[in-house]
Amino acid sequence: MKEQLSWKVGGQQGEGIESTGEIFSTTLNRLGYHLYSYRHFSSRIKGGHTNNNVRISVDEVRSVDDNIDILVAFDQQTIDVNSHELYDGGIILADAKFNPTVDESLDVVLVDIPFTEIAKEQGSQLMKNMVAIGASARLMKLPMEPFKDMIHTMFIRKGEEIVESNHNALRLGYAAMDEKFSYMDITNDFELAASDGKERLYLIGNDAIGFGAVNAGVRFMPAYPITPASEIMEYMIKHLPKLGGTVIQTEDEIAAVTMAIGSNYAGARSFTASAGPGLSLMMESIGLSGMTETPLVIVNTMRGGPSTGLPTKQEQADLNQMIYGTHGDIPKIVLAPSDVEDAFYSTIDAFNLAEYYQVPVILLSDLQMSLGKQTSDPFDLSRVQINRGKTILEDIERDEGDTEYFERYGDSDDGISARPIPGLKGGIHHVTGVEHSPTGTPSETADNRQVMMEKRMRKLENFVMREPFKVTGEKESELLIISFLSVNGVAGEAVQRFDQDIVGSITHVQLKQLHPFPAEALYPYLDGAKEVLVIEQNYSAQLFNIVKMNYHMHSKMKSFTKYNGTPFKPNEIEKYIQSILKIKEVL
0 MKEQLSWKVG GQQGEGIEST GEIFSTTLNR LGYHLYSYRH FSSRIKGGHT
50 NNNVRISVDE VRSVDDNIDI LVAFDQQTID VNSHELYDGG IILADAKFNP
100 TVDESLDVVL VDIPFTEIAK EQGSQLMKNM VAIGASARLM KLPMEPFKDM
150 IHTMFIRKGE EIVESNHNAL RLGYAAMDEK FSYMDITNDF ELAASDGKER
200 LYLIGNDAIG FGAVNAGVRF MPAYPITPAS EIMEYMIKHL PKLGGTVIQT
250 EDEIAAVTMA IGSNYAGARS FTASAGPGLS LMMESIGLSG MTETPLVIVN
300 TMRGGPSTGL PTKQEQADLN QMIYGTHGDI PKIVLAPSDV EDAFYSTIDA
350 FNLAEYYQVP VILLSDLQMS LGKQTSDPFD LSRVQINRGK TILEDIERDE
400 GDTEYFERYG DSDDGISARP IPGLKGGIHH VTGVEHSPTG TPSETADNRQ
450 VMMEKRMRKL ENFVMREPFK VTGEKESELL IISFLSVNGV AGEAVQRFDQ
500 DIVGSITHVQ LKQLHPFPAE ALYPYLDGAK EVLVIEQNYS AQLFNIVKMN
550 YHMHSKMKSF TKYNGTPFKP NEIEKYIQSI LKIKEVL
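Here the sequence shown is numbered in numbering that gives the first Met the number 0, starting from 0 and rising by one per residue.
Structure representation (structure tokens):
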């Protein structure tokens, strides 16, 4: 009986691979298991190899596994591409239609089941995914009833006949696998241990961000579709109108960001979401937000670049762009959720910070966090608080003879000025993207420029979030590991594989505040570590170099990067840690 196992389904894009993984994993979520899934797919509508890797565990998991236990193959290419990932003794459930073969040097079991033939007998070859799910359920000794319930939930709107046909396909797949057990030598145990049965969310990061935005009070979202951000807009299209809100698909990213600035200026919380190419187009407008001190939240779901790059693959190479991309100096905040659950809370933080400090806030995600699906504890809505800072929502009482413009950009100790919503009595002022006086009137004098620049930059001089990073471990350590976004989970698992009583202490910092960099808060961990390792997914080690800019002991710092479009696996990081600590064998 296994505490965890990994299951992968593969085939051609457009033949139901995603729905197969969705039905299978969602049912296991309902059974109370912890899940983490990652989809490999091509940047096209149909065709090309695709697969869905689902890790199932009785304990929390935040990354894919090193290898897989079960491979469901709808074509030969899936076997050719993915069979080398199987653990010794792993099993391939393949559609007999294509006469599957496997490299004889691999220690795996090939089971051919007529997925397509059985499905056709039930009325449509599209139901071959149900046959495959039934076979997988029998292999893992899972009950059929939860899968039948899931099928009913998904297909009842199409009628009882469709539900019954899919039930039959599921049952026949289960029976076909049961028959194989009667004469095949399947020695490995694929039975899952019992789960705790608790109810958990099972969602992608983009949905967590969308739900966070709704709870933060967002009522308007302008956006242009782009992978891997589009699901955020789709979530808002589905839910925002129920709350009296609106989503507009704009003609491009420039229109999206300027609409977001305009609606925030008008007092309605709004945001936009995009990926690297879209953020490149938004840079001038981010500067406009900084100069006019208008709150702005942008979600950047990083993907492989540059240019069109790898639209459907994992990378973390936009960090420099987000911090340094705008021309001129403006105060700006860049955040990175530590996991899918934290994406909900960090999204709310982003809106509060943008409005409190009146600055652009960029919420970073990456493709693996945005589209990878994982279980999460239910969100605690009692933690949701709205902070609008110095936003003025009521008429301003002024002397009757006072006809001067309101000092929208008036100086203050903290650099943050009162912000009246347009239309309020007594709040009229200029707004312009050129340098301006406290009333917003254009001014290019040297003295005014210095005063206004210092006023804006003073906002974030000592800014540190309540929790700028999550820490596992102590300040004193043999090795300090620093990571962000989806690398957090896989690095955390790699650390857990070491017996720290033998190799020495390993501390893991998951950075959440990337800019302004929380150097002072991080110094005790940097000073207390004998070695520092920064792990990230880009070629130029962007986070590593930012840490170096803020810390003097470069000689003890090391970088580990990956930039081939695929996520890290725990054993890759495990081996690198092993080399740093000079361990001869993994413990």
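Glycine residues also receive a C-beta, built at the ideal position from the N, C-alpha and C atoms.
Short Cβ contact (8 Å threshold) for residue i with residue j
| i | j | result |
| --- | --- | --- |
| ASN549 | PHE516 | yes |
| ILE91 | VAL110 | yes |
| LEU70 | SER56 | no |
| ILE225 | GLY209 | no |
| ILE505 | LEU370 | no |
| THR560 | GLU535 | yes |
| GLN367 | SER482 | no |
| ILE260 | GLY172 | no |
| TYR201 | LEU34 | yes |
| PHE146 | LYS1 | no |
| ALA528 | SER476 | yes |
| ALA267 | ARG218 | yes |
| ILE253 | SER229 | no |
| ASP102 | LYS568 | no |
| PHE378 | ALA215 | no |
| GLN121 | SER164 | yes |
| SER381 | GLU292 | no |
| MET183 | ARG137 | no |
| ARG387 | GLU354 | yes |
| GLN315 | ASN537 | yes |
Supposed contact pair residue j and residue i - C-beta distance, whole angstroms, cut 8 Å
| i | j | result |
| --- | --- | --- |
| ALA255 | TYR223 | 5 Å |
| MET451 | TYR408 | 7 Å |
| MET281 | ILE297 | 7 Å |
| LEU242 | TYR356 | That belief does not hold up - the Cβ atoms of LEU242 and TYR356 are roughly 26 Å apart, past 8 Å. |
| ASN128 | THR19 | 4 Å |
| PRO437 | ASP401 | With 8 Å as the limit, PRO437 and ASP401 do not qualify as a contact, their Cβ atoms being about 15 Å apart. |
| VAL358 | ILE385 | Rounded, the Cβ-Cβ distance is 17 Å, inconsistent with contact. |
Residues of its chain near residue i, where Cβ-Cβ distance is below 7 Å and the 5 sequence neighbours each way are ignored
| i | result |
| --- | --- |
| ASP338 | ARG61, ASN487, GLY488 |
| LEU586 | Bear in mind that a pLDDT of 46 at LEU586, under 50, signals an unreliable position, so the number given afterwards is only what the model happens to contain. Closer than 7 Å at Cβ, skipping near neighbours: PHE497, ASP498, ILE501, VAL502. |
| SER558 | VAL533, ALA540, PHE543 |
| MET139 | PHE189, GLU190, LEU191 |
| GLY46 | GLN11, GLN12, GLY13 |
| LYS547 | HIS553, MET556 |
From the options, residue whose alpha carbon lies closest to that of residue i
| i | options | result |
| --- | --- | --- |
| ARG418 | GLY439, THR402, GLU399, VAL433 | GLY439 |
| ASN299 | GLU283, GLY327, PHE270 | PHE270 |
| THR390 | PRO294, GLN3, LYS511 | PRO294 |
| GLN643 | LYS157, THR49, MET282, ILE480 | An answer regarding residue 643 cannot be provided, because it is not within the stretch 0 to 586 covered by the chain. |
| LEU105 | MET126, GLU120, PRO377, ILE78 | ILE78 |
| PHE468 | PRO336, VAL360, MET282 | PRO336 |
| GLU340 | GLN373, THR311, ASP365 | GLN373 |
| GLY512 | LEU352, ILE427, GLY266, ALA265 | In the sequence under discussion, the amino acid at residue 512 is Gln, which differs from the Gly named in the question. Of LEU352, ILE427, GLY266, ALA265, the residue nearest in Cα terms is LEU352. |
| ALA520 | VAL470, MET552, PRO566, GLY491 | VAL470 |
| MET556 | LEU525, ASP398, THR565 | LEU525 |
| PRO310 | PRO227, THR245, GLY388, PRO437 | PRO227 |
| ILE361 | ARG199, PHE378, ALA342 | ALA342 |
| THR346 | ALA207, ARG302, ASP328 | ALA207 |
| PRO523 | GLN495, PHE40, GLY472 | GLY472 |
| PHE97 | THR115, MET153, SER42 | THR115 |
| LYS197 | VAL213, ASP376, ALA272 | ASP376 |
| ARG302 | MET126, VAL383, ASP365, SER42 | ASP365 |
| ILE545 | LEU318, GLU233, ASN50 | LEU318 |
Contact set for residue i: own chain, Cβ-Cβ below 8 Å, skip 5 residues either direction
| i | result |
| --- | --- |
| ASP348 | LEU334, MET464 |
| SER279 | GLN320, GLY324 |
| ARG156 | none |
| ARG170 | GLY133, MET143 |
| PRO99 | ALA72, GLN75, ILE78, ILE91, ALA93, LEU109, ASP111 |
Contacting residues, own chain, Cβ-Cβ under 6 Å from residue i (five flanking each side not counted)
| i | result |
| --- | --- |
| LYS583 | For LYS583, the pLDDT reaches just 47, beneath the cut-off of 50, and the residue's location in the model is therefore unreliable, leaving the point undetermined. |
| MET290 | GLY432 |
| ILE247 | PRO221 |
| LEU580 | VAL502 |
| PHE462 | PRO515 |
| GLY414 | LYS454, ARG457, LYS458 |
| GLY277 | ILE225, GLU252 |
| SER181 | none |
Within-8 Å CB hit, residue i to chain C
| i | result |
| --- | --- |
| LYS312 | Among the protein chains of the structure shown there is no chain C, as only one such chain exists. |
Entirely enclosed beta strand (DSSP E) segments - the region 169-206, minimum 3 residues: 200-203
Ordered list of beta strand (DSSP E) runs contained in the region 327-352, each at least 3 residues: 332-334
Start-end ranges of the beta strand (DSSP E) lying completely within the region 9-40, minimum 3 residues: 33-39
Runs of beta strand (DSSP E) lying entirely within the region 415-494, each at least 3 residues, in chain order: 468-471, 476-482
Inside the region 243-307 only - alpha helix (DSSP H) runs reaching at least 4 residues: 252-264, 275-291
Ordered list of alpha helix (DSSP H) runs contained in the region 205-238, each at least 4 residues: 229-238
Every unbroken alpha helix (DSSP H) inside the region 57-142 [4 residues or more]: 75-81, 114-120, 127-138
Every unbroken alpha helix (DSSP H) inside the region 533-576 [4 residues or more]: 541-548
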